[in-house]
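Student:
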Amino acid sequence: MRYSELLLPTLKEDPAEAEVVSHRLLLRAGFIRKLTSGVYSYLPLGLAAIRKVERIVREEMNRAGAQELLLPMVQPGELWKESGRWEKYGRELLRFFDRHGRESCLGPTHEEVITDLVRMNVHSYRDLPLNLYQIQTKFRDEIRPRFGLMRGREFIMKDGYSFDVDEAGAEETYRKMFEAYQRIFTRCGLEFRAVEADTGTIGGKFSHEFMVLADTGEDVIVACRGCGYAANLEKAAGPEPEAGREEPLALEKVATPGKKTVEEVCGFLGIRPERLVKTMVYIADGKPVAAMVRGDHEVQEVKLANILSAVELRLATDEEISAHTGAPAGFLGPVGLSIPVVADREVMAMANFVTGAGEADAHLKNVNPGRDFSPAASGDIRTVTAADRCPECGAGFDFLKGIEVGHIFKLGTSYSEAMNARFLDRDGKEKHFVMGCYGIGVSRIVAAAIEQNHDGDGIVFPLPIAPFQVALLNLAVKDGEVSRAAEKLYDELIAAGIEVLYDDRDERAGIKFKDADLIGLPYRLVLGRKFLETREVEARTRRGEEFTLPFEEAAQLLAARIEAELEAISSR
RNA sequence: CGGGGCGUGGCGCAGCCUGGUAGCGCGCCUGCUUUGGGAGCAGGAAGUCGGAGGUUCGAAUCCUCUCGCCCCGACCA
122 MRYSELLLPT
132 LKEDPAEAEV
142 VSHRLLLRAG
152 FIRKLTSGVY
162 SYLPLGLAAI
172 RKVERIVREE
182 MNRAGAQELL
192 LPMVQPGELW
202 KESGRWEKYG
212 RELLRFFDRH
222 GRESCLGPTH
232 EEVITDLVRM
242 NVHSYRDLPL
252 NLYQIQTKFR
262 DEIRPRFGLM
272 RGREFIMKDG
282 YSFDVDEAGA
292 EETYRKMFEA
302 YQRIFTRCGL
312 EFRAVEADTG
322 TIGGKFSHEF
332 MVLADTGEDV
342 IVACRGCGYA
352 ANLEKAAGPE
362 PEAGREEPLA
372 LEKVATPGKK
382 TVEEVCGFLG
392 IRPERLVKTM
402 VYIADGKPVA
412 AMVRGDHEVQ
422 EVKLANILSA
432 VELRLATDEE
442 ISAHTGAPAG
452 FLGPVGLSIP
462 VVADREVMAM
472 ANFVTGAGEA
482 DAHLKNVNPG
492 RDFSPAASGD
502 IRTVTAADRC
512 PECGAGFDFL
522 KGIEVGHIFK
532 LGTSYSEAMN
542 ARFLDRDGKE
552 KHFVMGCYGI
562 GVSRIVAAAI
572 EQNHDGDGIV
582 FPLPIAPFQV
592 ALLNLAVKDG
602 EVSRAAEKLY
612 DELIAAGIEV
622 LYDDRDERAG
632 IKFKDADLIG
642 LPYRLVLGRK
652 FLETREVEAR
662 TRRGEEFTLP
672 FEEAAQLLAA
682 RIEAELEAIS
692 SR
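Quick look at the structure:
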């Protein structure tokens with residue numbers, strides 16, 4: 122591609138609207154432009170990068186036995202009512218009416234559509250397993266879109282769905298997808314971790330997220346220093362607590378005037394936070410529920426919501442707390458509480474702890490579960506801390522930041538049952554498909570790659586997903602001999618199979634260097650007047666390694682080098 | 001949804017408090033000079049000051065409403 126013919130509006134200054142590095146650089150380098158909040162146009166270079174990612178995704182999905190199709194973006198609300206998600210999905214689902222007044226929505230994901238397609242067209246175990254995927258624009262009306270392509274409302278996603286005859290088959294498919302994903306992100310040249318994850322609104326049983334490691338990530342990954350265990354902070358669990366052997370002591374009420382926070386109460390009573398249990402009131406789908414965790418722990422709302430099977434979970438306001446418990450915030454406790462209580466499993470293993478007394482300015486000492494209160498449910502409802510140990514090996518945890526670029530789920534039969542999607546098995550009985558679903562944020566990968574790979578001058582693209590592999594700069598456009606050589610080299614690079622952006626603009630050298638750095642193509646070749654003496658092509662990687670190539674062999678040598686580098690990345 | 005900030009040529013901003021000819025830098029166009037890390041000089045084009053209403057002789061500036069964008073939060077007793 123000739124730069125002179127390309128729509129590539131680079132900016133000298135950072136646009137005021139962008140703060141995060143990938144957002145800034147994508148705008149400055151002329152990859153994207155915003156249309157409205159969370160909705161972007163992809164300019165030629167941005168699209169080229171996306172196409173590179175798509176190609177890798179397609180190759181690996183196809184290699185893993187999946188087949189590509191393309192599903193509609195506009196979907197009937199009816200289908201979503203069938204799965205139950207018309208109510209559950211919330212306002213991220215953009216709904217509207219068509220001219221006939223029929224409820225419709227824009228597809229944020231496609232479980233409903235694919236399940237409908239398969240139930241209408243697949244009837245026999247002989248046609249299974251089936252693994253289908255598409256690469257398509259999704260729309261999710263995010264509460265707060267931000268960071269450019271990182272969290273847009275409209276974005277490009279690869280979503281795949283598998284249908285198996287039974288659990289064993291589904292697990293095998295899941296395993297294949299896990300491996301395909303490892304290959305995809307490796308081939309994209311990204312540093313990533315696969316982590317255990319919560320299943321979220323998609324539902325289902327078991328899932329992994331693929332996280333690109335970057336400081337600007339919105340997710341926290343808990344990774345064990347000893348073994349391979351890694352999980353999303355929302356999901357990560359410490360080891361099962363051991364019950365102490367303390368004898369229960371007599372319950373005792375103590376006055377704690379004005380002492381509301383864990384810190385204040387502990388200071389006042391001269392105890393450590395581990396001896397105190399705090400009681401938090403949540404509103405789960407409109408109903409109040411109390412959650413109990415140790416004083417030095419925090420409630421993990423995702424875990425709590427899962428235990429409660431709640432769609433919407435939020436902290437109660439002070440007014441709601443008083444109304445539902447009869448006690449002011451800061452003095453809540455489980456003893457005599459009328460609303461349901463969910464206790465963290467850690468709390469169940471404790472004895473003789475301190476809680477609020479359920480009335481103003483008082484706490485209770487020597488509270489014991491079972492004796493003084495009985496929770497409606499208990500389980501792991503807290504966030505792990507740096508003090509926790511790996512449940513697998515007992516080593517400590519590292520907390521890393523990551524950007525979620527892929528997510529795979531074992532869905533089981535939740536959708537096939539809700540939508541009554543069945544096939545006839547070998548034994549002549551009708552069975553529900555056992556499903557899985559597999560997503561990759563294609564446009565987000567481009568942003569994540571930039572978050573992970575940039576410097577003060579611009580983007581530093583990983584070779585496999587760079588919009589072009591090589592920038593060829595002609596620094597003397599008006600010099601006939603230099604230009605003839607540059608044109609020849611350009612043709613030869615193309616002939617050698619190299620993706621090259623040829624800067625043939627009539628601009629000064631400085632501008633060309635700055636633009637090349639900003640765009641961040643992995644290799645830069647320079648031909649200027651110096652070439653007339655040296656007959657050599659100056660080459661440089663975006664990371665700063667310099668070398669020269671003899672003019673006649675430049676294309677061939679560079680092609681070999683690029684091929685070797687791609688090979689090395691793929692086999693990491 | 002709560003809080004904060006911002007809307008002025010393509011981009012980045014000043015002007016607003018204290019109403020009176022719409023400005024600066026970059027970019028863009030023309031010419032000359034220059035030409036290996038965002039050139040110099042000269043000339044030029046381009047703005048309903050986000051929108052609507054109001055106050056006023058007069059509004060980018062003051063008032064009311066409205067739309068859009070960005071950031072933080074929706075986090076703990």
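If you use our numbering, the first sequence corresponds to residues 122 to 693, in order. Glycine included, every Cβ here is placed at the ideal spot set by N, Cα and C.
1. Do you know offhand how far R664's Cα is from R261's?
2. Determine the closest residue to G726 out of P197, N242, L214 and W207, with distance taken between C-alpha atoms.
3. Should G447 go down as buried or exposed, given a rule of 16 or more other Cβ atoms within 10 Å for buried?
4. What are the start and end residues of the alpha helix (DSSP H) that includes S604?
5. Please work out which residues of its chain come closer than 8 Å, Cβ to Cβ, to F672, disregarding the five sequence neighbours upstream and downstream, and give them in chain order.
6. Taking only runs that begin and end inside the segment 381-439, name each unbroken alpha helix (DSSP H) of 4 or more residues, in chain order.
7. Cα-Cα, which of F299, Q303, K209 and C226 is closest to R693?
8. Below 8 Å between beta carbons: does that hold for A507 and F520?
9. Between the Cα of V563 and the Cα atoms of G649, L270 and G338, which residue gives the shortest distance?
10. Quick one: using the 10 Å Cβ neighbour count with 16 as the cut-off for buried, is H244 buried or exposed?
11. Taking the C-alpha atoms as reference points, what is the distance between V174 and A497?
12. For the beta strand (DSSP E) holding G290, just list the boundary residues, first then last.
13. Per DSSP, which one or two residues make a beta bridge with Q695?
14. Beta-carbon separation of I529 and F299 under 8 Å?
15. Alpha helix (DSSP H) containing H144: first to last residue?
16. Helix, strand or coil: which one does DSSP assign to F652?
17. Residues in its own chain within less than 8 Å of L697 by CB, not counting five upstream and five downstream?
18. Which runs of the alpha helix (DSSP H) fall wholly inside the segment 458-500 and span at least 4 residues, in chain order?
19. By the 10 Å Cβ neighbour count, where 16 or more other Cβ atoms means buried, how is G72 classified, buried or exposed?
20. Look at the alpha carbon of L584 and the alpha carbon of E525, and state the distance between them as a whole number of angstroms.
21. Using only the heavy atoms of the ligand ATP, determine whether one of them is closer than 7 Å to the beta carbon of V505.
22. Okay, do the segment 670-690 and the segment 623-637 touch, 3+ Cβ pairs below 8 Å being the bar?
23. Would DSSP call D548 helix, strand or coil?
24. If you pair each beta-carbon of the segment 155-162 with each one of the segment 221-239, do three or more pairs fall below 8 Å?
25. Where do the N-terminal and C-terminal ends of the beta strand (DSSP E) with L670 fall, by residue?
26. Report buried or exposed for K399, applying the criterion of at least 16 other Cβ atoms within 10 angstroms of its Cβ.
27. If you follow the beta strand (DSSP E) that F634 is in, where does it begin and where does it stop?
28. Three Cβ pairs or more, each shorter than 8 Å: is that satisfied between the segment 231-240 and the segment 540-550?
29. Given 8 Å as the limit, is there contact between the segment 354-366 and the segment 479-495, that is, 3 or more CB pairs closer than that?
30. Would you check if the distance between the CB atom of V343 and the CB atom of L334 is smaller than 8 Å?
31. With distances taken Cα to Cα, identify the nearest neighbour of Q573 among S604, L168 and M332.
32. Can you find at least 3 beta carbon pairs, one from the segment 179-190 and one from the segment 249-267, that sit closer than 8 Å?
33. Under 8 Å, do I392 and V468 count as touching if we go by C-beta distance?
34. Mind checking which residues open and close the alpha helix (DSSP H) that includes M710?
35. Can you name the start and end residues of the beta strand (DSSP E) that A592 belongs to?
36. DSSP has E86 in a bridge; who is on the other side?
Tutor: For this structure:
1. Between the alpha carbons of R664 and R261 lies a gap of roughly 37 Å.
2. Since the first residue of the chain shown is 122 and the last is 693, residue 726 is not available in this structure.
3. That one is exposed.
4. Element bounds for S604: G601 to A616.
5. By the criterion of a C-beta distance shorter than 8 Å, F672 is surrounded in its chain by A606, L610, F652, R656, E657 and V658, once the five residues flanking it on both sides are discounted.
6. The segment 381-439 contains these whole alpha helix (DSSP H) runs: 383-390 and 422-429.
7. Ranking F299, Q303, K209 and C226 by Cα distance to R693 puts Q303 first.
8. Against a cut-off of 8 Å, the Cβ pair of F520 and A507 comes out as a contact.
9. The closest CA to that of V563, considering only G649, L270 and G338, is found on L270.
10. Exposed, because fewer than 16 other Cβ atoms sit within 10 Å of the Cβ of H244.
11. So the two alpha carbons sit approximately 48 Å from each other.
12. Under the DSSP assignment, G290 falls outside any beta strand (DSSP E), being part of the alpha helix (DSSP H) whose first and last residues are E288 to R308.
13. Since the first residue shown for the chain is 122 and the last is 693, residue 695 is missing from the structure and cannot be characterised.
14. Yes; because the gap between Cβ atoms is below 8 Å, this pair is in contact.
15. In the DSSP assignment, H144 falls within the alpha helix (DSSP H) that extends over V142 to R149.
16. Reduced to three states, the DSSP call for F652 is helix.
17. Residue coverage of the chain in this structure runs from 122 to 693, which leaves residue 697 outside it and unanswerable.
18. Correct list: 466-469.
19. No statement about residue 72 is possible, as the shown extent of the chain runs from 122 to 693 and does not include it.
20. Rounded to the nearest angstrom, the two C-alpha atoms are 21 Å apart.
21. In the structure on display, the ligand ATP does not appear, and there are no ligands present to speak of.
22. The count of Cβ pairs closer than 8 Å, one atom from the segment 670-690 and one from the segment 623-637, stays below three, leaving the stretches out of contact.
23. DSSP places D548 in coil when its eight states are reduced to three.
24. As far as the Cβ criterion goes, the segment 155-162 does not touch the segment 221-239, which means the pair count is below three.
25. If you look at L670, you'll find it in the beta strand (DSSP E) that goes E667 to P671.
26. K399 is buried by the Cβ-count criterion.
27. Here F634 belongs to no beta strand (DSSP E); instead the alpha helix (DSSP H) covers A630 to I640.
28. At 8 Å Cβ cutoff, the stretches touch.
29. Taking 8 Å as the limit for Cβ pairs, the verdict is that the segment 479-495 does not touch the segment 354-366.
30. Not closer than 8 Å, so no.
31. Nearest in C-alpha terms to Q573, of all of S604, L168 and M332, is M332.
32. Judged by Cβ distances under 8 Å, the segment 179-190 makes contact with the segment 249-267, as three or more pairs qualify.
33. Not closer than 8 Å, so no.
34. Coverage of the chain is limited to positions 122 through 693, which leaves residue 710 absent and any answer about it impossible.
35. Note, A592: beta strand (DSSP E), V591 to N595.
36. In the structure displayed, the chain extends from 122 to 693; residue 86 sits before or after that span and is not available.
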